Structures are given as C-alpha cells and as structure tokens.
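**Student:**
Protein chains in written order, with the numbering used here: chain A, 1 to 305; chain B, 1001 to 1334.
1. Go ahead and pull the three-state DSSP assignment for residue 1280 of chain B.
2. Can you give the Cα-Cα distance for residue 1205 of chain B and residue 176 of chain A, rounded to whole angstroms?
3. Kindly give me the distance between the Cβ atoms of residue 1008 of chain B and residue 1018 of chain B, rounded to whole angstroms, as I take these residues to be in contact under 8 Å.
4. Run the CB neighbour count on residue 1074 of chain B, radius 10 Å, all protein chains shown included, and call it buried at 16 or more, exposed below.
5. Cβ closer than 7 Å: which chain A residues qualify as neighbours of residue 1300 of chain B?
6. Going along the chain, which residues of the segment 42 to 61 of chain A sit with their C-beta nearer than 7 Å to a C-beta in chain B?
7. I'd like the list of long-range same chain contacts for residue 1006 of chain B, defined as Cβ closer than 6 Å, with 5 residues on each side in sequence excluded.
8. Using the beta-carbon of each residue, which ones in chain A are nearer than 9 Å to residue 1224 of chain B?
9. When the cut-off is 8 Å and only beta carbons count, does residue 283 of chain A lie next to chain B?
10. Check whether the Cβ atoms of residue 1246 of chain B and residue 1083 of chain B lie closer than 8 Å to each other.
11. Does residue 1140 of chain B have its Cβ less than 8 Å from a Cβ in chain A?
12. With distances taken from CA atoms, which of B:1174, B:1265, B:1304 is nearest residue 1314 of chain B?
13. Measure the alpha-carbon distance for residue 27 of chain A versus residue 1035 of chain B and round it to whole angstroms.
14. List the endpoints of the continuous alpha helix (DSSP H) containing residue 1075 of chain B.
15. For residue 119 of chain A and residue 1262 of chain B, what's the separation of their Cα atoms in angstroms?
16. Tell me whether the beta-carbon of residue 154 of chain A lies closer than 8 Å to the beta-carbon of residue 251 of chain A.
17. Taking residue 25 of chain A as the reference, which of A:151, A:116, A:282, A:125 has the closest Cα?
18. Can the beta-carbon of residue 174 of chain A be found closer than 8 Å to that of residue 197 of chain A?
19. If we define contact as Cβ-Cβ less than 8 Å, is residue 1304 of chain B a contact residue for chain A?
20. Would DSSP call residue 1369 of chain B helix, strand or coil?
21. So which residues of chain B does residue 286 of chain A contact, with C-beta pairs closer than 7 Å?
22. Taking only beta-carbon atoms, is residue 238 of chain A less than 8 Å away from chain B?
23. Can you give the Cα-Cα distance for residue 1267 of chain B and residue 241 of chain A, rounded to whole angstroms?
24. Classify residue 1150 of chain B as helix, strand or coil using the three-state DSSP reduction.
25. My guess is that residue 254 of chain A and residue 51 of chain A are in contact by the Cβ rule of under 8 Å, so how many angstroms apart are they, rounded?
26. For residue 283 of chain A, count neighbouring C-beta atoms within 10 Å of its own C-beta (all shown protein chains included) and say buried if the count is 16 or more, exposed if not.
27. Along the chain, where does the beta strand (DSSP E) containing residue 1330 of chain B start, and where does it finish?
28. I want to verify the contact list: residues of chain B whose CB lies under 7 Å from the CB of residue 293 of chain A, in sequence order.
29. Between residue 1064 of chain B and residue 1223 of chain B, how many whole angstroms is the CB-CB distance? I'm expecting something under 8 Å.
30. Would you tell me roughly how many angstroms separate the C-alpha atoms of residue 267 of chain A and residue 259 of chain A, rounded to the nearest one?
31. What does the alpha-carbon distance come out to for the pair residue 90 of chain A and residue 1299 of chain B?
32. In chain B, which residues lie less than 9 Å from residue 123 of chain A when you measure between Cβ atoms?
33. Beta-carbon of residue 1326 of chain B versus every beta-carbon of chain A: anything under 8 Å?
34. Look at the alpha carbon of residue 236 of chain A and the alpha carbon of residue 188 of chain A, and state the distance between them as a whole number of angstroms.
35. At the level of alpha carbons, what is the spacing between residue 1114 of chain B and residue 64 of chain A?
And the structure:
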C-alpha cells in the first residue's frame, strides 16, 4: 500500500512538472489562435527550433543551458515575425483550407531544413549546472532538478505573459484585436501590427519552452508533430485564447501522459498485467482532444466560440 | 439508367477540356505499351492511386468544404482487412475488398456522427486525432502484426488474378486504371446528384442550406462515407501491390495530408482537380526524391522544394491549379 502511494505520487509529480512545460508550449498556440483564428501546424516545429537554439548555444559557446533561454526567445521572436510577414499575412486572405495547408507547408519546410542542417540523429544536452542533478524528497521520491527548474521557469514565463497581455497597452491592444478585429481597427489599433506581435509572442514563448525542454528531452527534426498535437489538445482543453486555461490544461495533459505509470502501480497492487498501457501514452491525449471538441468545444475557460 | 447517363455526361465542360481529357485517357490506356522504365511505371501506379485517394477526399473536402486530414485511418482499415484476411483465412482480394470498404464505412459512420458536430479548424484537427488514435491501436494489436506490420505471402504461380499477385507491373497498372475510371464516372454522377448539390450549398452557406430543409449533418456523413469507401478500396489495393504494410506506412499523418494536399493543389471541388494535383505532385515527389535522396547532404531538399510550392499555392491561389486555369480563361474571354 505504501509502495502504491509512492508510485502514484511520483507519477503525479512528474506529470505536474511536465505539465507546466506543456502549458508553456501551448501558450503560444493559444495566443496565435485566439487573436486571429488561424491554426498553426508548424507550432511543434517552432518548438523544435527553440530546442535546437538552446542546444546549440549551450554546446557551441560552451555555456550553461540556461543562457540559451534568452537566445531562444530572440530566435522565436524573429521566427514568428518572418513567418507572419512572409507567409501568414497572405494566408489570412484565403479560405480555411489555404490556412491549414499553408501552415502545414511551413511545418514541412522547417522540419526538412532542420533535417538538412542538423541531421536526423537525436541530440541531447549533457552538461550544465542543472543536468544530472536531483534531490530526494521522500522515500523513493526523486525530483530531477532540470524538470523542476523547467516547471518553475515556465510558471515565470506564464506570469510574464499574463502581465504583458493584461497590464500593458500593447497587450490590451492585442486582446481588443482578438475580441473584434474590425472594431479594434476603428479604435485606431494597428491590427496588422498586433497580428505580427501575436506571432512574435507566440514564437518567443514556444521557443523558450523548447529551450527548457531540451534539458531533459532529446531533440531531433521530427520531434515537432507530437508536441503540435499535445499543444492542440492543451489549447482545446483550456479554451481557445485563455492563458490561465492553457496553464491548467497543461497540467491536466501532463497527468494524462502519466496515466500509464499510474496504472502500472495500481496493476502491481491488483496483480494485473503491467506495461501494456505505455503504448497508448499519447492516445489519451488525442482521445481527450476528440472528446473535448465534441462535448465541450469551448474548453474549460474558453471565451471564444 | 438515369444515373448511368448522368455519369457519362460531361457536357457542362468546354469542348477543349473534353478533348484534352480524352487524349489523357487514351494516353493512360496505352502507357504500358510505350517504352518506359520500371521507375516510371511505379510512379504511374502511384499517380493513379493518389488520384483515386484525391477523388475520394474531394467529395467531402472539395464539394463539402470540410477539410478532412484523417483519411489515412481508412487506408489502414482497407489495407489491413485485405492483408489479414489473405494471410489468416486465404480470402482472395476481390472478396476482401468490399469487406474492407464496408468496415471502413462503418467506422466512418461511428466517428463521423460526433465529428461533424465540429466545424472548420476544429473538424480538421479532430480528424487527425482520430487517425492517430487508430494508428496507436493498430501498432499495439498483435493479431494484425503490431508495429512491425504484415507481409503477404506469395501464392506460387503467377499471374494470379484472384489474389492479384503479378510479376509484371502492368497488371497492377490496369487494375488501378479500372478503379480510376470507375471513380471518375462515379464522381461525375456524384456532382450532378442530389447529395452533390446539397454539399455545395452547405459549403457556400450552411445556415441557408439548413433553412432550405437540407439535413446538413446527415449529408456530410453520407459524403464522408463515400470518401471513405474510395480511400479504403485503394488501401486494399496498396496492401496487395506492396506485399508489405505497416502502420507507419499506411496510417501516418503524412499520408492523410498528402491525400488532401493533392486534391487541393489541383483544385478542390472540381472534377479534374485531384487528378491534376496527383499528376503534378507524385512525379515531382518521386523524381526529386530520387535525385536528391541519393546525394549525401541533400536529404530533405526535395521536401523543402515541395513545401515551398505548397506554401506559395496556399498563399496566392487557394483554388489550386484548376483555379488558375479558370482565372486565365476568364481573363481571356474578357
């Protein structure tokens, strides 16, 4: 019984820490989606580029991975702006189909550029003040410092974004554009620039999430799709356009991914088959997306649609 | 009889189009007689397969305007039904084909009912989600081979028409060509049919369509089932043609998107659009892949070019190549 409790709380803690990073991954998507109703299929690829940015800063300059965070943020902002001005601006004029395929083309493009430049081998970080360190909180409970730091820094990034959107003039302009673009334009808000700002902000948050993630998750050019789907689910669960929603939904998705270890703990206790659920780790996420969309399209905190 | 007449009625196309279409059809019929490499043959078979996939997608995605990015799950159902039945119970292709299509259509009804409560982006992403769930299930289901997939055993004597196993590719080519023409004439009927008009009115304005008494939910589900049957049939063929299927191959998101992409590139919602799209993309993808893939350091360059074309088309001419042709024509007639 004791053992069961420890196993489950271990899975819960792991889920919560992963969940905060997932929330940060989804934050960028929810901002972009909330402001202009466009689905960004390349979101996972933005994350992948953020991961490489963090990795390359740390390995090429021989500095601590934490220095990679601002670098990744700058890369993300540039990436968001370039994508907006060279592609998304044109896609917005077309029908939904064009938007879906345009961003899908972007995803394919970024993925294969990464493949050409970085190669297909998964790469991971091996040095840094956080890597490999962990501390023990209780019997059998070990918390890796990289994951804890990622969780805490994600929270900080959330707070920063929330402040930016709710307490600054530019953030209020963004919210106004999201609520009603035309009315915002009449009020003298430069909506075109607000769209670009949304992409820059979205790119920055997801790149930072990538730079945090690379501390404990190997990066390869194909890592994006999984995170795109996770981000879609998180956004759907939290409600399109809701920032606290994204944070909370990230936690829930983090838990979902840890259903398999939780089940294992229970299965040992109940003397049932162990391990078979691991293959469906991500199916829970996809299924959750489907069920949420069908039964509660607004999500938990959605204010749009 | 009326339906058959309408299937062969192309009179609403300009005369030049009909002549071009006839020339292309004749070219397709005699292609195996012309000198060609085996690579060209494989490319042609793939072109036919993707045309039929695209035609299927076009019913719901083009005429109905519902962007479906989960077609690969039905390719998987068709392919796996044929392969499993052939391996386990020795059932010939021509019997397992309708069963596979039936199973796929049943599954499409089951998930189509909740799916079509969604619209636009939400529908598109939800179709991806269902497809990925089914792929996970197939990958861990040991009865159908799991992630390693299935290998169809050879039947000994060739050519074997019942199990469609041939040494020469042109048999496969003609079988696929048969599917292609059946699909084309069916679609020609479909676009004049009641459901075709219902779908187009739903695409233009769903609220108006509803107010005219169209049960839009049910029409979409029906069109989705038609699309599914097309895709599952080609999936069954794929299993026999490749002898080897695995979930990563027949059920990946890339395949789903490729299907939708070809239809969109050619021109969604037009009869010849998916065929034009497949005729452009399949050879391009194959030949670029063969040229660049062989050279070290250039892996992925073919897909970069491919992605660039997708982005340019999506940004500047969302109606695809067919839209471009129509626009040029309108300009000339002005």
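We put the beta carbon where it would ideally sit given N, CA and C, even for glycine. None of the values given here were measured: they were computed from a predicted structure.
**Tutor:** If we stick to the structure as given:
1. Counting from one through the second chain, the residue named residue 1280 of chain B turns up at place 280. In the structure shown, residue 1280 of chain B sits in a helix (DSSP, three-state: H, G or I).
2. For this step, residue 1205 of chain B is matched to residue 205 along the second chain. For this step, residue 176 of chain A is matched to residue 176 along the first chain. Looking at the backbone, the Cα of residue 1205 of chain B and that of residue 176 of chain A are separated by about 28 Å.
3. Looking up residue 1008 of chain B in the second chain gives position 8. Looking up residue 1018 of chain B in the second chain gives position 18. In fact, because the Cβ distance is near 12 Å, the residues do not count as touching under 8 Å.
4. Here residue 1074 of chain B is taken as the residue at index 74 of the second chain, counted from 1. Around the CB of residue 1074 of chain B, 16 or more other CB atoms lie within 10 Å, so the residue is classed as buried.
5. On the second chain, residue 1300 of chain B is found 300 positions in, with the first residue counted as 1. Neighbours of residue 1300 of chain B on chain A, chain order: 112, 115, 116.
6. none
7. On the second chain, residue 1006 of chain B is found 6 positions in, with the first residue counted as 1. If we look at residue 1006 of chain B and ignore the five residues flanking it on each side, its Cβ neighbours are 1189, 1192.
8. Looking up residue 1224 of chain B in the second chain gives position 224. None at all; the shortest Cβ gap to chain A is about 15 Å.
9. In the first chain, residue 283 of chain A corresponds to position 283, counting from 1. Chain B contact via Cβ: present.
10. By 1-based counting over the second chain, the position of residue 1246 of chain B is 246. By 1-based counting over the second chain, the position of residue 1083 of chain B is 83. Against a cut-off of 8 Å, the Cβ pair of residue 1083 of chain B and residue 1246 of chain B comes out as no contact.
11. Counted from its first residue, the second chain places residue 1140 of chain B at position 140. Chain A contact via Cβ: present.
12. Along the second chain, read from residue 1 onward, the residue named residue 1314 of chain B stands at position 314. Ranking B:1174, B:1265, B:1304 by Cα distance to residue 1314 of chain B puts B:1265 first.
13. Here residue 27 of chain A refers to the residue found at position 27 when the first chain is read from its first residue. Here residue 1035 of chain B refers to the residue found at position 35 when the second chain is read from its first residue. Approximately 57 Å between the Cα atoms of the pair.
14. Taking the first residue of the second chain as position 1, residue 1075 of chain B is located at position 75. Taken as a continuous stretch (DSSP letters only), the alpha helix (DSSP H) holding residue 1075 of chain B covers 1072 to 1089.
15. The residue given as residue 119 of chain A occupies position 119 in the first chain. The residue given as residue 1262 of chain B occupies position 262 in the second chain. Straight-line Cα distance between these residues: approximately 28 Å.
16. As a first step, residue 154 of chain A must be located in the first chain, where it is residue number 154. As a first step, residue 251 of chain A must be located in the first chain, where it is residue number 251. Not closer than 8 Å, so no.
17. Position 25 of the first chain, counting from 1, holds the residue named residue 25 of chain A. Measuring from the Cα of residue 25 of chain A, the nearest candidate turns out to be A:151.
18. Here residue 174 of chain A is taken as the residue at index 174 of the first chain, counted from 1. Here residue 197 of chain A is taken as the residue at index 197 of the first chain, counted from 1. Result yes, Cβ atoms of residue 174 of chain A and residue 197 of chain A sit closer than 8 Å.
19. For this step, residue 1304 of chain B is matched to residue 304 along the second chain. Chain A contact via Cβ: present.
20. For chain B, the structure presents residues 1001 to 1334; residue 1369 of chain B sits outside this window and is missing.
21. Along the first chain, read from residue 1 onward, the residue named residue 286 of chain A stands at position 286. Neighbourhood of residue 286 of chain A in chain B, by CB distance below 7 Å: 1129, 1132, 1133, in chain order.
22. The residue you call residue 238 of chain A lines up with position 238 of the first chain. False, the Cβ-Cβ gap to chain B never drops below 8 Å.
23. Start at 1 with the first residue of the second chain, and residue 1267 of chain B comes out as number 267. Start at 1 with the first residue of the first chain, and residue 241 of chain A comes out as number 241. Cα to Cα, the separation comes out at about 33 Å.
24. The residue given as residue 1150 of chain B occupies position 150 in the second chain. If DSSP states are grouped into helix, strand and coil, residue 1150 of chain B belongs with the strands.
25. Numbered from its first residue, the first chain carries residue 254 of chain A at position 254. Numbered from its first residue, the first chain carries residue 51 of chain A at position 51. Actually they are not in contact, since the Cβ atoms of residue 254 of chain A and residue 51 of chain A sit about 18 Å apart, beyond 8 Å.
26. As a working note, residue 283 of chain A is residue 283 in the first chain. Buried: at least 16 other Cβ atoms inside 10 Å.
27. What you label residue 1330 of chain B is simply residue 330 of the second chain in a count that begins at 1. Per DSSP, residue 1330 of chain B belongs to no beta strand (DSSP E); it is in the alpha helix (DSSP H), 1320 to 1333.
28. Translated into the one-based positions of the first chain, residue 293 of chain A becomes position 293. Correct list: 1118, 1122, 1126.
29. Position 64 of the second chain, counting from 1, holds the residue named residue 1064 of chain B. Position 223 of the second chain, counting from 1, holds the residue named residue 1223 of chain B. The pair is a contact, with the Cβ atoms about 5 Å apart (cut-off 8 Å).
30. Locating residue 267 of chain A in the first chain gives position 267, counting from the first residue. Locating residue 259 of chain A in the first chain gives position 259, counting from the first residue. Distance between the alpha carbons of residue 267 of chain A and residue 259 of chain A is about 12 Å.
31. The residue labelled residue 90 of chain A in the question sits at position 90 within the first chain. The residue labelled residue 1299 of chain B in the question sits at position 299 within the second chain. Those two C-alpha atoms are separated by around 29 Å.
32. To locate residue 123 of chain A, count along the first chain from 1; it is residue 123. Residues of chain B passing the Cβ test: none, with the nearest at roughly 17 Å.
33. Numbered from 1 along the second chain, position 326 holds the residue referred to as residue 1326 of chain B. Cβ-Cβ to chain A under 8 Å: no for residue 1326 of chain B.
34. Indexing the first chain from 1 puts residue 236 of chain A at position 236. Indexing the first chain from 1 puts residue 188 of chain A at position 188. As the crow flies, the alpha-carbon of residue 236 of chain A is around 31 Å from that of residue 188 of chain A.
35. Within the second chain, residue 1114 of chain B is the residue found at index 114, counting from 1. Within the first chain, residue 64 of chain A is the residue found at index 64, counting from 1. About 49 Å.
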